[in-house]
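What follows is a set of notes on a single structure, which appears directly below.
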Amino acid sequence: MSETTIPSHVPGTSIDEQAERLLGRRDESGPIGLIINQPAETGFRCPVHSADPTVDPLETLHWSEYNATLWCELCDRDYPSTLCCPDLATAMSVFFRTVDEAIARDREQR
Ligand SMILES: [Zn+2]
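Numbering (my numbering), first residue to last: 8 to 117.
Below is the structure:
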């Protein structure tokens with residue numbers, strides 16, 4: 008019998024430079040950044056583990072430290088939220104919102 012090993016991950020320690028450059032870090036300090044629900048509660052699923060009935064997404068899929076991304080602790084990866092959406096209409100909405108926010112963030116930094 009094999010045992011699943013969950014990689015250790017300390018929140019705030021990810022070094023995904025591409026995600027940080029393009030999307031920025033999630034602001035969790037103020038009321039806007041206050042996280043109430045876990046991603047799985049709103050339908051998000053890890054794109055790798057979504058079909059695995061032994062994986063509980065409420066326990067394994069988390070908000071990443073980067074905007075518009077979710078972190079699966081089993082994969083130890085930050086996935087774009089749009090890849091984790093429950094349906095195509097939601098995925099398209101999330102994608103366009105992500106692009107819109109990235110452009111606005113880029114303009115603020117110039
Ligand atoms: Zn996963």
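Even for Gly, the Cβ is constructed at its ideal location relative to N, Cα and C.
Distance CB(residue i)-CB(residue j) smaller than 7 Å
i	j	result
residue 85	residue 23	yes
residue 6	residue 80	Residue 6 lies beyond the range of the chain shown here (8 to 117); nothing can be said about it.
residue 68	residue 82	no
residue 88	residue 106	no
Whole-Å CB distance - residue i paired with residue j, under 8 Å assumed
i	j	result
residue 108	residue 74	7 Å
residue 4	residue 77	With the chain covering 8 to 117 only, the question about residue 4 has no answer from this structure.
Nearest candidate by alpha-carbon position, reference residue i, set the options
i	options	result
residue 115	21, 30, 94 and 25	30
residue 57	92, 96 and 99	92
residue 34	44, 46, 70 and 110	70
residue 55	90, 43 and 66	90
Please list, following the chain, all residues that have a C-beta closer than 5 Å to any non-hydrogen atom of ligand 1. Going by the Cβ distance cut-off, the answer is 53, 55, 56, 79, 81 and 82.
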